[in-house]
Amino acid sequence: MSQANKIANLQTATRASQAVIHITNLRLRTFIGFNPEEQEKQQDIIINAEIHYPANKLCLNDDVENALNYKNIAKGIIKHVESGRFLLLEKLVSDVLEICHEHEWVSYAKVKIDKPHALRFADSVSLSLEYRG
């Protein structure tokens, strides 16, 4: 196989590739819950997000202008969570999922948020939601 054919095959395979950003164990504090003590004191939460998008051109060149910026996504999540107040975990997870799939390239996103101290005899309570574009 010629070098040109190898490059063409690599480019074809890369066009079909999906990149996956993983944001793992983002530890934040926010007001979450509807019980009086939950509304008076911030609680720890742990966020895990998975964001899929086509890798196409990004794998073939090093163009920062056309990259999905995970730092901006994380900053958006941090700002929203730390400045917000949430009665339900479902609302918080939904909001974070919305931030994760704001960019038009995102084809799939999943967010899981843990409340480590929610139940006395459990390590954590968590909720996850998914988006498919």
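Mapped onto the working numbering, the consecutive letters of the sequence shown carry residue numbers 210 to 342.
Glycine included, each C-beta is placed from N, C-alpha and C at the ideal position.
Quantities reported herein were computed from a predicted structural model and do not represent experimental measurements.
**OP:** Using three-state DSSP, classify Asn275 as helix, strand or coil.
**Re:** Locating residue 275 in the sequence shown gives position 66, where the first residue counts as 1. Three-state result, Asn275: helix.
Original post:
What residues are listed by DSSP as bridge partners for Leu235?
Top reply: Reading the sequence shown from its first residue, position 26 is the one you call residue 235. In DSSP, Leu235 forms a bridge with Ile256.
Original post:
Can you tell me where the alpha helix (DSSP H) with Leu338 in it begins and where it stops?
Top reply: The residue you call residue 338 lines up with position 129 of the sequence shown. Note, Leu338: premise wrong, no alpha helix (DSSP H); beta strand (DSSP E) at Val334 to Arg341.
Original post:
According to DSSP, is His261 helix, strand or coil?
Top reply: Looking up residue 261 in the sequence shown gives position 52. Three-state result, His261: strand.
Original post:
Is Val305 near Ala228, with beta carbons less than 8 angstroms apart?
Top reply: Taking the sequence shown and counting its residues from 1, the one referred to as residue 305 is at position 96. Taking the sequence shown and counting its residues from 1, the one referred to as residue 228 is at position 19. Taking 8 angstroms as the Cβ cut-off, Val305 and Ala228 do not qualify as a contacting pair.
Subject >> Bridge-paired residues (DSSP) for Ala228 >> reply: Against the sequence shown, residue 228 aligns to sequence position 19. In DSSP, Ala228 forms a bridge with Tyr262.
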